[in-house]
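Protein chains in written order, with this note's numbering: chain A, 1 to 105; chain B, 1001 to 1293; chain C, 2001 to 2135; chain D, 3001 to 3291. Cβ atoms here follow ideal geometry from the backbone N, Cα and C, with glycine treated the same way.
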Amino acid sequence: MKIAITSSGDSTDAKFDLRFGRAAYFCVYDTSNGSTQFIANEQCDAQGGAGTKAAEKMIELGVKRIISGDFGPKAKDLLNQFKIQMVMLDDANSTVGVIIDKLSV
Amino acid sequence: MSVKIAIASGKGGTGKTTVSLNLFHHLKTQATASVQLIDCDVEEPNDALFLKGYKKQSEEAIHQMIPHIDTSQCTFCRQCVEYCEFNAIVVLPTANFAEVNKSLCHSCGACTYACPVPEAIIEEAHPIAQLSCYGNCEHTSLVEGRLNIGSPMQTLAIKELLKSHHVNADIQLLDAPPGTSCPVVATVTQADYTILVTEPSPFGLHDLKLMVALMRELQQPFGVIINKYEDNFKALDDYLAAEKIEVLGKIPFSSNYAHQYARGALLDDIPDTITTAYQAIITHLQSKLLQYA
Amino acid sequence: MPRRRRLRKIVAPPGFKGFRPYGHIKNNRVVELNYEEYEAIKLADYDNMNQEEACKLMGISRATFARIYESARQKIAKSLVESCEFKTVFGNAHLDDDWYVCNACHARFNLPDDNSKDCPICKSDAIEPIIKKMK
Amino acid sequence: MHEITILSGKGGTGKTTITAALTALADSAVICDNDVDAADLFLLLQPTVLENGVFTSGWTAHINDSDCSQCGLCFEHCRYKAIELKDGSYHINPFSCEGCRLCERLCPQEAITSTPNSGNQWFLSDTANGPFVHAQMGPGEENSGKLVSFIRRKAAQEAKNRKARYLLSDGPPGIGCPVIASLTGTHQVLLVIEPTQSGWHDAQRLISLIRNFNIPISAVINKSGINQMVEQEVEQGLKRANIPLLAKIPFSRVAREAMLAQKTIVDYAPQSEAAIQIRRAWNYLAQRAQE
Chain A
1 MKIAITSSGD STDAKFDLRF GRAAYFCVYD TSNGSTQFIA NEQCDAQGGA
51 GTKAAEKMIE LGVKRIISGD FGPKAKDLLN QFKIQMVMLD DANSTVGVII
101 DKLSV
Chain B
1001 MSVKIAIASG KGGTGKTTVS LNLFHHLKTQ ATASVQLIDC DVEEPNDALF
1051 LKGYKKQSEE AIHQMIPHID TSQCTFCRQC VEYCEFNAIV VLPTANFAEV
1101 NKSLCHSCGA CTYACPVPEA IIEEAHPIAQ LSCYGNCEHT SLVEGRLNIG
1151 SPMQTLAIKE LLKSHHVNAD IQLLDAPPGT SCPVVATVTQ ADYTILVTEP
1201 SPFGLHDLKL MVALMRELQQ PFGVIINKYE DNFKALDDYL AAEKIEVLGK
1251 IPFSSNYAHQ YARGALLDDI PDTITTAYQA IITHLQSKLL QYA
Chain C
2001 MPRRRRLRKI VAPPGFKGFR PYGHIKNNRV VELNYEEYEA IKLADYDNMN
2051 QEEACKLMGI SRATFARIYE SARQKIAKSL VESCEFKTVF GNAHLDDDWY
2101 VCNACHARFN LPDDNSKDCP ICKSDAIEPI IKKMK
Chain D
3001 MHEITILSGK GGTGKTTITA ALTALADSAV ICDNDVDAAD LFLLLQPTVL
3051 ENGVFTSGWT AHINDSDCSQ CGLCFEHCRY KAIELKDGSY HINPFSCEGC
3101 RLCERLCPQE AITSTPNSGN QWFLSDTANG PFVHAQMGPG EENSGKLVSF
3151 IRRKAAQEAK NRKARYLLSD GPPGIGCPVI ASLTGTHQVL LVIEPTQSGW
3201 HDAQRLISLI RNFNIPISAV INKSGINQMV EQEVEQGLKR ANIPLLAKIP
3251 FSRVAREAML AQKTIVDYAP QSEAAIQIRR AWNYLAQRAQ E
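Below, the structure written as structure tokens:
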């Protein structure tokens, strides 16, 4: 299964990003082989519609679960329609790596 | 032929509403032509608060046309997504999914043009604001636009408001929103002449300068009314003289009148000094009215 | 940075969308009652709990409970006296159908497919719905 | 970092004057002027500019005369009536153009190009009361909401870099797009209410907007004493809405004198009733920030 984690940088040492649509990067973690892939969020500075565009990208990537700080109403609606699991963590100080470690235990 | 006069100011609280209402009131008593007040401050309309004698005559919605994608017709070619500059459209070919986000759409029509299928995108009306008419007997004296809370489409609401058939008097006073950005442009560009209301303070002067720059760039004729006038702020007089800006009048500061404003009783027992000031302004304005009518 | 919202647990959402007064002169006034305000009234005045128990159940401090409860009473009083309709609105409660909270790691999540019933982060099975559904 | 946004609904209620006074009271604060449309805070803070830049937002189309074949396709399709026929040739009125770029795509001659709007400038400055992020809009520039979001991000970044405790934001008037942009993510809102009918009317509309964002609100009454009846109504209304009233700042000439002297009230007349009341409000805001 593919899990996306919002990240403020392009490595597992980067801090978890609490924003979804305006996160700097998405880390796509594949549970089948433990690989991670970092995708830059082109829309993070978009003037509007960043959340829907991010959700659109997640759907295209075939992600089944997204871990972020919060989801805006537009993104929530869209992800709900595609049965993608949303997980909200209040963990501003963890790195992406720490969150992945939690997942693989 | 009707004349439209906009009342604007860069800064809020300089007295746009007070001046608009007073001009309306004094014009009504002095002029034979019909006069209407149009409240274009759709975010915070409050002219109606002060015109207690008038009854609400009618109310209707102002609409925005927002496209709807019919997924049974759509071929999911994503052409509309490509055309939409506002990120308002989501199309997922793999999932047969296509949707327009209403709060992001600017109604530019690019998607309907982009779409190769004739009936796949159809525009539907969505309410974004309320238009209300106030008056007595048959005549409508005040037309107010009121943006629905949470809607970001103030400029569109103003444009639609000014197009309404209810706006029809010989002299139309447009009470503009504060600031110098697009909602203000939408108001003053519809007007034949604009009155800038300022106050003698550093804030007032700074914002007046911005407003003057805007009016010059728009090439719209304008004049200035100094509200709450007191003698101790020379920088404003110097600026107006140096820039050769026409001063239509000065309304003296009156603390009694400020108390009256607070109560909402702007048009009862107007102090004589103030009435005199407005009568002078109207005399001054008459030449403009003739020029632009 | 998004603001952290304190979670307010709502045990059962109201089974209605609002109340309307009857036999009065029509007006357009509406009072909006938040779900959490509804819940506060229900716990305190229907289930007869004391504030101590009620605030624990809602997962909020006692002061916050008192504030919500007071506001609920004022709104209901206003609605009665001024004969205005009242509506229930979401307020600060998470009322999405299937949102859960993990008691072990405090992650909040939804369960779009019904297969897994464990916390997606720590795999704990100590999860509970943020709102128990009305049966 | 804790962000406090000062809003009023109606313009001219004294938001800027009060924000300026709060900046003098807060230690370790970054200041941000969100009222980009009529940015006046800098007049009181007298900043020294450290950094500045151009903020681009949206597009404006332009027709190249020599390539235009006068087909009128753009004129026909523009929903904003931004394309005008003047002296036999088509021109784009930049003030009406919304930047949808449809005309650019339609033009068979490729005679239309769009350029990013660059009339807006942002500044990072130093003031006696802390770092200050502000902006200046080009006249008639579009959509200040995006500029507001931008300078708020800038200010938040600055607060993070300097490890500032507070971010004080002077908000725009109204309830539209710029106000919504200044609300997202703020920790608490201070309402400045003028006890006049229109001041209270506008504040109520603003309160229902803020409620959608679940942000804690507190309020001060400015120009207190201007009308007792309305003031009572405001006080009761705030009580009903569960909004704490922190201070009542009397209607006096001190505010105007301080403005003419280009100083904040607490610096100009620290013993005045106004300064005392503002200090009281700040104590509450600071305490709430700790919770």
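So the alpha helix (DSSP H) residue i belongs to, where does it begin and stop?
i	result
residue 1256/B	1255-1263
residue 3199/D	3197-3211
residue 2073/C	2062-2081
residue 1030/B	1016-1030
residue 2049/C	Run containing residue 2049/C: none; DSSP gives neither H nor E here.
residue 3131/D	Premise fails: residue 3131/D lies in the beta strand (DSSP E), 3130-3136, not in any alpha helix (DSSP H).
residue 3188/D	Premise fails: residue 3188/D lies in the beta strand (DSSP E), 3188-3193, not in any alpha helix (DSSP H).
residue 3070/D	It is not in any alpha helix (DSSP H) - residue 3070/D carries neither H nor E in the DSSP assignment.
Under 7 Å between beta-carbons, which chain D residues line up against residue i? List them in chain order, please.
i	result
residue 1217/B	3139, 3140
residue 1185/B	3095, 3140
residue 1198/B	Per Cβ cutoff of 7 Å: no residues; residue 1198/B is ~12 Å from chain D at best.
residue 2067/C	3242
residue 2074/C	3240
residue 2071/C	3242
Counting only Cβ pairs nearer than 7 Å, list the residues of chain C close to residue i.
i	result
residue 1/A	The contacting residues do not exist; residue 1/A stays about 10 Å from chain C at best.
Would you kindly work out how many angstroms separate the C-alpha atoms of residue i and residue j, rounded to a whole number?
i	j	result
residue 2027/C	residue 2084/C	7 Å
residue 1132/B	residue 3158/D	45 Å
residue 1160/B	residue 3163/D	47 Å
residue 3008/D	residue 1149/B	15 Å
residue 2092/C	residue 2038/C	Low per-residue confidence applies at residue 2092/C: pLDDT is 45, beneath 50, and the placement is therefore not dependable enough to give any value.
residue 1283/B	residue 1050/B	24 Å
residue 2019/C	residue 3152/D	42 Å
residue 3115/D	residue 3058/D	8 Å
residue 1204/B	residue 10/A	48 Å
residue 1271/B	residue 1021/B	15 Å
residue 3214/D	residue 3111/D	49 Å
residue 2094/C	residue 1030/B	The predicted position of residue 2094/C is uncertain, since its pLDDT is 45 and thus under 50; a value taken from the coordinates is nonetheless stated next. Roughly 59 Å between the two C-alpha positions.
With distances taken from CA atoms, which of the options is nearest residue i?
i	options	result
residue 3141/D	3130/D, 3098/D, 3124/D	3098/D
residue 1153/B	1102/B, 1165/B, 1249/B	1102/B
residue 3082/D	3088/D, 3230/D, 3070/D, 3063/D	3063/D
residue 3091/D	3110/D, 3068/D, 3102/D, 3105/D	3068/D
residue 3048/D	3124/D, 3272/D, 3024/D, 3070/D	3124/D
residue 3223/D	3255/D, 3217/D, 3207/D	3255/D
residue 1064/B	1126/B, 1030/B, 1041/B	1126/B
residue 3089/D	3120/D, 3066/D, 3079/D	3066/D
residue 2/A	19/A, 21/A, 81/A, 33/A	33/A
residue 3250/D	3177/D, 3107/D, 3274/D, 3208/D	3274/D
residue 1273/B	1291/B, 1250/B, 1289/B, 1259/B	1250/B
Who are the neighbours of residue i on chain A, taking C-beta pairs under 8 Å?
i	result
residue 2062/C	The premise fails here: residue 2062/C is roughly 22 Å from chain A at the closest Cβ pair, so nothing lies under 8 Å.
residue 1100/B	Under the 8 Å cutoff, chain A gives no residues; its nearest Cβ is about 10 Å from residue 1100/B.
residue 1999/C	Outside the displayed span of chain C (2001 to 2135) sits residue 1999/C, for which this structure offers no information.
Just curious, the beta strand (DSSP E) that residue i is in, first and last residue?
i	result
residue 1139/B	1139-1147
residue 1054/B	It is not in any beta strand (DSSP E) - residue 1054/B carries neither H nor E in the DSSP assignment.
residue 2034/C	2030-2034
Check the Cβ of residue i against every Cβ in chain A and list those closer than 9 Å, keeping chain order.
i	result
residue 2033/C	The premise fails here: residue 2033/C is roughly 21 Å from chain A at the closest Cβ pair, so nothing lies under 9 Å.
Which residues in chain D have a C-beta closer than 8 Å to the C-beta of residue i? List them in chain order.
i	result
residue 2079/C	What residue 2079/C touches in chain D: nothing, since even the nearest Cβ is about 12 Å away.
residue 2124/C	Neighbours of residue 2124/C on chain D: none; closest Cβ ~28 Å, over 8 Å.
residue 1087/B	Per Cβ cutoff of 8 Å: no residues; residue 1087/B is ~12 Å from chain D at best.
Residues of chain B with CB closer than 7 Å to the CB of residue i, please, in chain order.
i	result
residue 56/A	1090, 1092
List, in chain order, every chain C residue whose beta-carbon is nearer than 8 Å to that of residue i.
i	result
residue 3162/D	None at all; the shortest Cβ gap to chain C is about 16 Å.
Are the C-beta of residue i and some C-beta of chain F separated by less than 8 Å?
i	result
residue 2083/C	No chain F is present in this structure, whose protein chains are A, B, C and D.
Identify the contact partners of residue i in chain D, using a Cβ-Cβ distance below 9 Å as the criterion.
i	result
residue 1261/B	3196, 3197, 3198, 3226, 3227
For residue i, return the contacting residues in chain A, with the cut-off set at a CB-CB distance below 7 Å.
i	result
residue 1104/B	48, 49
residue 2113/C	83
Give the residues of chain B in contact with residue i, contact being defined as C-beta atoms less than 8 Å apart.
i	result
residue 3260/D	1201, 1202, 1232, 1233
residue 3201/D	1044, 1046, 1049
Can you name the residues of chain C whose CB is closer than 9 Å to the CB of residue i?
i	result
residue 63/A	The premise fails here: residue 63/A is roughly 12 Å from chain C at the closest Cβ pair, so nothing lies under 9 Å.
Give the list of continuous beta strand (DSSP E) stretches no shorter than 3 residues that lie fully inside the stretch 3035-3061 of chain D.
3048-3055
Start-end ranges of the beta strand (DSSP E) lying completely within the stretch 31-95 of chain A, minimum 3 residues:
35-40, 65-68, 85-88
Quick check for students: name the residue ranges of the alpha helix (DSSP H) that lie wholly in the stretch 1102-1132 of chain B, counting only runs of 4 or more.
1110-1114
Contained beta strand (DSSP E) runs [length at least 3] in the stretch 3212-3262 of chain D, N- to C-terminal order
3217-3224, 3245-3250
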